[in-house]
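One structure below.
Residue numbers (the working numbering): 64 to 198.
Given below as C-alpha cells:
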C-alpha cells in the first residue's frame, strides 16, 4: 500500500527529475554545512565574491528547487507544477550562463558542467514530453 504512495509515474523523465531533486538536497546541505567549499569552486573566477551569506541564499534557492522537482516527479500531470519546475530549470541555466558569459565568475567547463547539463537536459526533455504528461 505504501509503495503506491511513492511510485513515480511511468517514463524516464519523472525519475530524472526525482534524481535532480535528490542532488539538489545534497547541494543545499553542502551550501549550509560548508558554505565556502563547493560554491567557491563553482564561482572560481571570482571566489572572493562567495561569502557564507551568498552560499546560504544559494542554499535557499536550491532547497526550493528541490521541493519543486520532488513534487513534479510525483505529479507530472499537474500542469502548474510541471510548468513551474520547467521554469526553475530555465532560471537556473540562465543564471549559470550569465555568470559564465556576462559576469565571468564561472570557468566553463568546470564544476558547473554537471549542473548545466542537468538543467539543459531537463528543459529539452520537459519540452519534448510535455504532451505525454499534461493532457
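Glycine included, each C-beta is placed from N, C-alpha and C at the ideal position. A quick note: this is a predicted structure, and the numbers were derived from the prediction, not measured.
Is it buried or exposed, residue 187, if we count other Cβ atoms within 10 angstroms and call 16 or more buried?
Numbered from its first residue, the chain shown carries residue 187 at position 124. Under this definition residue 187 is an exposed residue.
For residue 64, I'd like the list of residues in its chain whose CB is within less than 7 Å of its CB, leaving aside the five on either flank, ordered along the chain.
Sequence index remark: in the chain shown, residue 64 carries index 1 (1-based). Caution is warranted here: a pLDDT of 44 is assigned to residue 64, below 50, making its placement in the model unreliable, and no coordinate value can be reported.
Output the distance between the C-alpha atoms of residue 118 and residue 81, rounded to the nearest integer angstrom.
As a working mapping, residue 118 is identified with position 55 in the chain shown. As a working mapping, residue 81 is identified with position 18 in the chain shown. Their backbone Cα atoms lie some 23 Å apart in a straight line.
Could you tell me the boundaries of the alpha helix (DSSP H) in which residue 107 lies?
As a first step, residue 107 is located in the chain shown; it is residue number 44 there, counting from the start. Per DSSP, residue 107 belongs to no alpha helix (DSSP H) and is neither H nor E.
Can you tell me which of 104, 136, 126 puts its alpha carbon nearest to the alpha carbon of residue 168?
The count along the chain shown starts at 1 and reaches residue 168 at position 105. Checked all of 104, 136, 126; the closest Cα to residue 168 is 104.
Can you give me the C-alpha to C-alpha distance between residue 91 and residue 84, rounded to a whole angstrom?
Looking up residue 91 in the chain shown gives position 28. Looking up residue 84 in the chain shown gives position 21. The alpha-carbon atoms of residue 91 and residue 84 are separated by roughly 10 Å.
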